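Reading through the structure tokens given below for one structure.
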Amino acid sequence: GVIECCQTLKARMEPVRQKMDNPTWKELVKECWNQGVDLSAHYFTNPTEKGAFRYNVYAAAAIEVELDVLTGQSQINRVDLLYDGGESMNPDLDIGQIEGGFTMGLGYHLTEKMKYDPTTGVALTDGTWEYKPPMPKDIPIDFRITMLKNNPNPLGILRAKASGEPPLMLGSGALFAIKHAAEAARAEIGQDTFFVLNSPALVEDRQAACKLDISQFTFGQ
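Last residue of the sequence shown: 221 in full-length UniProt numbering, with the numbers rising by one and none dropped.
This is the structure in structure tokens:
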């Protein structure tokens with residue numbers, strides 16, 4: 001669609017360009033505007049080929065977290081993420097999309113929880129005091145993203161794959177890492193039984209999962 005729009009605009013602007021002496025892009029656009037050339041374009045298509053856009057996106061992430069068992073606060077120290085974006089048209093843009101999608105996943109699994117009044121159904125978490133989207137300190141300290149190479153997508157536009165939504169799923173790895181940390185803490189106090197850590201696991205949920213008891217807070221002999 002973008003390519004078709006560019007070709008349409010180029011055809012409209014070409015007669016003006018031919019009457020100018022090697023204009024710059026800004027000069028050409030300005031003159032087209034002065035002459036009333038329509039500088040907007042749109043394109044619509046309805047693919048009929050079966051299977052178009054039906055493809056899988058593959059990715060993997062290793063996530064290192066640090067959990068404070070006393071408070072439930074956590075910090076993501078490092079993320080190593082490998083993403084299958086096909087033949088990326090713009091790797092810098094795709095990496096930005098991957099970072100954003102992954103961070104949205106962190107919010108989904110660790111900080112954002114909707115609560116409603118059981119009687120009226122009114123949202124109780126209708127502000128940032130109660131509803132916590134990810135903030136700068138929630139971003140991994142060391143965030144490493146690698147695009148899988150030599151893996152063109154025969155079904156995608158220009159052999160590329162989507163990079164916005166799929167990375168959200170990788171945020172679940174942070175929840176699993178925190179659960180592993182809580183399991184290690186519980187094992188130290190003899191509470192190594194099976195437990196469920198639901199998503200989203202807020203600070204209070206993480207702290208409760210560690211099964212601490214005030215009687216355990218003693219000075220070593």
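A virtual CB, placed ideally from N, CA and C, is assigned to each residue, including glycine. All values derive from a computational prediction rather than experimental measurement.
Next on the checklist: Just verifying my parser: in three-state terms, what is the DSSP assignment at residue 77?
Outcome noted: By 1-based counting over the sequence shown, the position of residue 77 is 77. Three-state DSSP puts residue 77 in a strand.
Item to check | Environment of residue 103 [buried if 16+ CB atoms lie within 10 Å] | outcome: Taking the sequence shown and counting its residues from 1, the one referred to as residue 103 is at position 103. Buried is the call here.
Checklist entry - Can you tell which of 125, 146, 110 has its C-alpha closest to the C-alpha of residue 116? => result Stepping through the sequence shown from its first residue, residue 116 is reached at position 116. Checking every option, the nearest Cα to that of residue 116 belongs to 125.
Checklist entry - Taking the alpha-carbon positions, what's the residue 86 to residue 4 distance? => result Indexing the sequence shown from 1 puts residue 86 at position 86. Indexing the sequence shown from 1 puts residue 4 at position 4. Those two C-alpha atoms are separated by around 22 Å.
Next on the checklist: I'd like to confirm the pairing. Which residues does DSSP put opposite residue 143 in its beta bridges?
Outcome noted: Locating residue 143 in the sequence shown gives position 143, counting from the first residue. According to DSSP, which records beta bridges pairwise, residue 143 is partnered with 79.
Checklist entry - If residue 200 and residue 110 are in contact, beta carbons under 8 Å, what's the gap, nearest whole angstrom? => result Numbered from 1 along the sequence shown, position 200 holds the residue referred to as residue 200. Numbered from 1 along the sequence shown, position 110 holds the residue referred to as residue 110. At roughly 6 Å, the Cβ-Cβ gap stays under 8 Å, so residue 200 and residue 110 are in contact.
Item to check | CB contact below 9 Å: residue 114 versus chain C | outcome: Chain labels in this structure do not include chain C; a single protein chain is all it has.
Checklist entry - To which residues of the same chain is residue 28 closer than 8 Å at the C-beta, ignoring the five residues directly before and after it? => result What you label residue 28 is simply residue 28 of the sequence shown in a count that begins at 1. In the same chain as residue 28, and ignoring 5 residues on each side of it, the C-beta atoms closer than 8 Å to its own belong to 13, 16, 17, 20, in chain order.
Checklist entry - According to DSSP, which residues form a beta bridge with residue 64? => result Sequence index remark: in the sequence shown, residue 64 carries index 64 (1-based). Answer is 78.
Checklist entry - So, residue 61 versus residue 82, is the Cβ gap smaller than 9 Å? => result As a working note, residue 61 is residue 61 in the sequence shown. As a working note, residue 82 is residue 82 in the sequence shown. Their beta carbons are under 9 Å apart, which means residue 61 touches residue 82 by this criterion.
Checklist entry - Between the C-alpha atoms of residue 181 and residue 55, what's the straight-line distance to the nearest angstrom? => result As a working note, residue 181 is residue 181 in the sequence shown. As a working note, residue 55 is residue 55 in the sequence shown. Straight-line Cα distance between these residues: approximately 35 Å.
Checklist entry - So which of 189, 195, 193, 137 has the shortest CA-CA distance to residue 213? => result For the purposes of this step, residue 213 is taken as residue 213 along the sequence shown, with counting starting at 1. Nearest option by C-alpha distance: 189.
Checklist entry - Around the C-beta of residue 154, are 16 or more other C-beta atoms found within 10 angstroms, so that it is buried, or is it exposed? => result Position 154 of the sequence shown, counting from 1, holds the residue named residue 154. Counting Cβ neighbours within 10 Å, residue 154 comes out exposed, since fewer than 16 surround it.
Item to check | Alpha-carbon to alpha-carbon, residue 158 and residue 152 | outcome: For the purposes of this step, residue 152 is taken as residue 152 along the sequence shown, with counting starting at 1. For the purposes of this step, residue 158 is taken as residue 158 along the sequence shown, with counting starting at 1. Their backbone Cα atoms lie some 9 Å apart in a straight line.
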